[in-house]
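Student: Questions regarding the structure given below will be posed in turn.
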Amino acid sequence: MEFFNGLTLLTTPVAFTVLMGVVGLLIGSFLNVVIYRLPLMMQRQWRSDCLDYLKLENDVPTDTFNLAFPPSRCPHCQTRILAQQNIPILSYMWLRGKCVACRESISGRYPVVELLTAIVSMTVAWHFGYSEQAAAGLVLTWALIALSGIDLDHQLLPDVIVLPMLWLGLILSVFNVYTDSATSIIGAVGGYLLLWSVYHGFKLITGKEGMGYGDFKLLAMLGAWFGWQYLGLIILLSSLVGAVIGMTLISLNKQQREVPIPFGPYLAVAGWIAMLWGDNLNTWYFG
Ligand SMILES: [Zn+2]
């Protein structure tokens, strides 16, 4: 009975939000690993596949390298990072952002990703309350953070994240979590075709490539989650977010006009906003 009461307490809005904040910190720590390691794992695999295909000597190291192994090390001095030095945010503050062994600075991105994950997780938890929408929304939020990080680093949106998330969106529609299956399927196909047409139209007119196939798949994924009615809003929001960030970077002289900025993070931010406030925005915008 005691246990049951404790569990009920955790489902109250405030407790659930705080709990998801803590979970968000831990997940954020894991997302740092995904953002850093997944592209390296993919590059190893590609290199190995290419060399095999060309019947060349395969020089890819055969040691285990995945999300869980080997344990994290300082990229500078290779000292192993112990569990107590790996506590989200706190360890970074305690160590004042420096490696224990060599005192080399640790990238500020790690605590930023942890904090960001905690904040957006709390927002989702507070918005939906203890519900299946919250559970699914958290998974989507975490996937979008990983995708954005990898896209910013490598201009790459790994299929290994995007495609399972697209299928998950389709399955959720069977249970009507965010939308029904008809709008979800049309959303997935429509999302892909929409950006595919933009891409080929743009290429035909300017001869340049504005985005990549990963972006089409990402919009297809978001279409599967929320239905075709959200595609217009997501495109509009992503352009807005892109314009604001692009102009800020250019005015700060941090980004040259000709250097491509990956589109994935803008789509991710737009999709996330659409998940939380899309209904209101759609009603407001389209009357
Ligand atoms: Zn070190």
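Just so it is clear: in the sequence shown, position 192 is 175 by our numbering, and no numbers are missing. All C-beta atoms, glycine included, are put in the ideal place defined by N, C-alpha and C. All values derive from a computational prediction rather than experimental measurement.
#1: When the Cα of His214 is compared with those of Ser114, Ala171, Thr(-5), which residue comes out closest?
#2: Looking at the strands, I want to know which residues DSSP matches up with Ser88.
#3: Check whether the region 221 to 234 and the region 104 to 120 are in contact - that is, three or more C-beta pairs closer than 8 Å.
#4: Let me check understanding here. Comparing Cα to Cα, which of Met24, Trp150, Phe13, Leu220 lies closest to Ile168?
#5: Can you tell me which residues form a DSSP beta bridge with Arg63?
#6: What three-state label does DSSP hand Asp46 in the structure shown?
#7: From what residue to what residue does the alpha helix (DSSP H) around Trp211 run?
#8: Within 10 angstroms of its Cβ, does Val103 collect 16 or more other Cβ (buried), or is it exposed?
#9: Do you know how far the Cα of Leu(-8) is from the Cα of Phe199?
#10: Let me check you understand the geometry: is the CB of Cys33 closer than 7 Å to at least one non-hydrogen atom of ligand 1?
#11: For Leu347 and Leu216, I'd like the C-alpha separation in whole angstroms.
#12: Throw me the rounded Cβ distance for the Phe209 and Gly247 pair, which I believe falls under 8 Å.
#13: Could you please go through the chain and list the residues whose beta-carbon is closer than 6 Å to any non-hydrogen atom of ligand 1?
#14: In angstroms, rounded to a whole number, what distance separates the CA positions of Met(-16) and Ala119?
#15: Enumerate in chain order the residues of its own chain whose CB-to-CB distance from Gln68 is below 6 Å, with the five nearest sequence positions on each side excluded.
#16: Is the beta carbon of Leu21 less than 8 Å from the beta carbon of Pro141?
#17: Evaluate contact between the region 26 to 38 and the region 87 to 102, counting only Cβ atoms and requiring at least three cross-stretch pairs below 8 Å.
#18: Would you check if the distance between the CB atom of Leu178 and the CB atom of Leu202 is smaller than 8 Å?
#19: Inspect the beta-carbon positions of Ala251 and Leu130 and report whether they are closer than 8 Å.
#20: Name the residue from Met25, Leu2, Val1 whose alpha carbon lies nearest to the alpha carbon of Ile144.
#21: Tell me which same chain residues have a C-beta within less than 7 Å of the C-beta of Arg63, skipping the five on either side of it?
Tutor: A quick look at the data gives this:
#1: The residue asked about is misnamed: residue 214 is Leu in this sequence, not His. Ranking the options by Cα distance to Leu214, first place goes to Ala171.
#2: For Ser88, the beta-bridge partners assigned by DSSP are Lys81.
#3: no
#4: Trp150
#5: Within the DSSP bridge table, the entry for Arg63 names Arg56 as partners.
#6: Asp46: coil per DSSP, three-state reduction.
#7: That residue, Trp211, is in no alpha helix (DSSP H); it is neither H nor E in DSSP.
#8: buried
#9: Between Phe199 and Leu(-8), the C-alpha separation is close to 42 Å.
#10: no
#11: This structure cannot speak to residue 347, because the chain is shown only from -16 to 270.
#12: In fact, because the Cβ distance is near 17 Å, the residues do not count as touching under 8 Å.
#13: Cys57, His59, Cys60, Thr62, Cys82, Ala84, Cys85, Glu87
#14: For Met(-16), the predicted structure reports a pLDDT of 49, less than 50, and the residue's modelled location is therefore unreliable. A value from the coordinates is still provided. The straight-line gap from Cα to Cα measures roughly 29 Å.
#15: Ser74
#16: yes
#17: no
#18: yes
#19: yes
#20: Met25
#21: Pro54, Arg56
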